[in-house]
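Residue numbers are given in numbering that gives the first Met the number 0: position 235 of the sequence shown equals residue 234, and the series is strictly consecutive. Just so you know, even glycine gets a beta-carbon here, dropped at the ideal spot from N, CA and C. Structure record follows, encoded as structure tokens.
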Amino acid sequence: MSRFLHSKYESLTPYDTSGEVESMKGFIRLNTNESPFPPSPKVLAASYESSRGLNYYCDPECSQLAEKISSMFGLKPSQIVFGNGSDEILNFLFMGFCEKGAAFPSITYSFYKILAKFHDVDYIPVPLKKLKVDPSYYRNVKGRTIFIANPNSPTGIAMPLSEIEEIITSNPESLVVVDEAYVDFGAESAVKLIQEYGNVAVVRTFSKSRSLAGARLGWCMACEELSQDIRNIKNTLTPYNINAMTQAAGLAALEDEEYTRKNIDIIRMVRDNTRTRLQEMGFEVTESSTNFLFAKHKDISGEEIFNALKKYKIMVRHFTNPSAISDYNRITIGTPEQMQIFLEVLKGDIK
């Protein structure tokens, strides 16, 4: 590092982007939870058309997107705030709403811990109970902002809405952030709780079910008071954070729900079939409500399986930390053809 870097950033541990670089070209990428399907043709056409106006600044409020999403969820446009991916929204939330600290599961999306450390937020890693989030463990967080990914990653397990509501109602002095990156694949959304409670924010992304991971588009839904606070942070730091082509792509994706639903249905069908096949091969697999599976073999280590697949240019996500999940691999659901190759390689390598 250079001698000019602020001392508080000397020990930063960046988010792990392994597998997302140019060297992964030619691999079957079952490690980053992207959609295996390209964007809708309507998305491509809308993005191209919007490029004609790139000499002008984009709409900082993403007005058309806000109108569309608000009509879909029964909210007001003023209750929607957009981010450069849902990660930017999470950054705003850690930056502006964690003065009393944060609490989130000990095994969950690793970016929460990174953001907490980056913003010097005191945080509590709340243990899971048999790999599940247990609402009873969140009854003494003392006003900390609570972050819950539902379904959780990397476990893939979803909480019922009643348990999310239990966390919200038992912590009236805490903001509860429900990160719904994977909700479209089988979980119940907490959006309906926004109108009933003033301490809940729901974060969504276009990266997973809508095939726009590369476009970087996410949004947050909350009561108007919370939304305005988040918007003030956004407009202070990055008022033009969503470029015109991404706005056009997002709107076109929302207007082609038939394409999205078709792809979701295929992914869910392939996911469930793959889970059954893995169990037949001696794997223990969690009940997934996402576009990935979380699996460990009864006899073979997770690292050994990861390395064996890598030899065949198949990438899955292996976790060495925490040690409680080191025997697991997270397996993104690819196309039916990709998953067939994955299963054939795996079957041939496990003797």
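- Query: If L29 and V269 are in contact, beta carbons under 8 angstroms, what's the gap, nearest whole angstrom?
  - Reply: Going by Cβ atoms, the distance from L29 to V269 rounds to 11 angstroms, so no, they are not a contact pair.
- Query: Who are the near neighbours of F110 in its chain, counting only those whose CB is closer than 7 angstroms to its CB and skipping five residues on each side?
  - Reply: Y14, D86, L89
- Those runs of the beta strand (DSSP E) which lie wholly inside the stretch 177-219 and span at least 3 residues: 199-204
- Contact belief for E33 with T331 at Cβ below 8 angstroms, rounded distance in angstroms: 7 angstroms
- Item | For Q63 and S226, believed in contact at Cβ under 8 angstroms, the rounded distance | With 8 angstroms as the limit, S226 and Q63 do not qualify as a contact, their Cβ atoms being about 17 angstroms apart.
- Item | Buried versus exposed, by CB contacts within 10 Å (16 or more), H317 | buried
- Same chain, Cβ closer than 7 angstroms to D121, neighbours up to 5 away in sequence not counted: G100
- Message: So, with DSSP's three-state summary, where would you put I265?
- Response: helix
- Item | Identified DSSP bridge partners for M314 | R28
- Task: Check the C-beta distance from Y136 over to V125 and give it rounded, since I have them as a contact under 8 angstroms.
- Result: 5 angstroms
- Query: Could you give the distance in angstroms between the alpha-carbon of C222 and the alpha-carbon of P59?
  - Reply: 20 angstroms
- Item | Pairwise C-alpha distance: T204 and T334 | 21 angstroms
- Query: For the alpha helix (DSSP H) that contains R329, what are its first and last residues?
  - Reply: Careful: R329 lies outside any alpha helix (DSSP H), inside the beta strand (DSSP E) at 328-331.
- Query: Y8: buried (16+ other C-beta within 10 angstroms of its C-beta) or exposed?
  - Reply: exposed
- Task: Mind the definition here: the stretch 162-171 touches the stretch 294-304 only if three or more C-beta pairs lie below 8 angstroms; say whether that holds.
- Result: no
- Tell me whether the beta-carbon of T245 lies closer than 8 angstroms to the beta-carbon of A214. yes
- Item | Endpoints, beta strand (DSSP E) assigned at Y47 | Counting along the chain, Y47 falls outside any beta strand (DSSP E), though it belongs to the alpha helix (DSSP H) covering 40-49.
- Message: For E21, count the other beta carbons within 10 Å of its own beta carbon; 16 or more makes it buried, fewer makes it exposed. Which is it?
- Response: Note on E21: pLDDT 46, under 50, position unreliable in the model; no value is reported.
- Could you pull the start and end residues of the alpha helix (DSSP H) that V344 belongs to? 335-348
- Item | Euclidean distance between Cα positions of I232 and L114 | 16 angstroms
- Could you name each continuous beta strand (DSSP E) segment of 3 residues or more that falls completely within the stretch 34-116, going from the start of the chain to the end? 79-82, 101-104
- Query: Is the beta carbon of S46 less than 8 angstroms from the beta carbon of G155?
  - Reply: no
- Message: Could you tell me the alpha carbon to alpha carbon distance between E187 and R274, rounded to whole angstroms?
- Response: 21 angstroms
- Do you know offhand how far E359's Cα is from K67's? Lying before the first or after the last residue shown, residue 359 is absent from the chain, which here runs from 0 to 350.
- Task: Tell me whether the beta-carbon of I229 lies closer than 8 angstroms to the beta-carbon of F91.
- Result: yes
- Query: Just how far apart, CA to CA, sit I123 and D133?
  - Reply: 14 angstroms
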